[in-house]
């Protein structure tokens with residue numbers, strides 16, 4: 006059971022709505038943006054943390070993503 010709801014389009018701030026639409030159209034999914042929509046003031050801080058962590062280091066980002074998805078699956082979490 007999720008602890009945070011995924012906001013529908015009509016509850017997202019306008020700029021975040023555009024980003025969610027672009028993410029969906031690119032096939033990246035917008036779930037993270039829709040959850041972060043509860044606290045739009047924290048989005049930039051989250052991405053400042055996430056992207057260097059995801060793209061940096063010695064482990065390939067594709068492998069990190071596969072691990073993230075597997076952990077989510079094991080926890081019955083929607084991604």
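In our numbering, the protein residues as written are 6 to 84.
Glycine included, each C-beta is placed from N, C-alpha and C at the ideal position.
Mapping DSSP to helix, strand and coil, what is residue i?
i, result
"residue 57", "helix"
"residue 65", "coil"
"residue 12", "coil"
"residue 74", "helix"
"residue 35", "coil"
"residue 22", "helix"
"residue 81", "coil"
"residue 41", "helix"
My understanding is that residue i touches residue j, with C-beta atoms under 8 Å, so please give their C-beta distance in whole angstroms.
i, j, result
"residue 17", "residue 42", "5 Å"
"residue 39", "residue 25", "6 Å"
Can you list, in chain order, the residues of its chain with a C-beta nearer than 7 Å to that of residue i? Leave out the 5 residues immediately preceding and following it.
i, result
"residue 51", "41"
"residue 69", "59"
For residue i, I'd like the list of residues in its chain whose CB is within less than 6 Å of its CB, leaving aside the five on either flank, ordered along the chain.
i, result
"residue 29", "35"
"residue 14", "22"
Leaving aside the five residues before and after residue i along the sequence, list all residues of the same chain whose C-beta is less than 8 Å from its C-beta, in chain order.
i, result
"residue 66", "59 and 60"
Discussion item. Would you call the region 12 to 29 in contact with the region 42 to 52, where contact means no fewer than 3 C-beta pairs closer than 8 Å?
Written reply: yes
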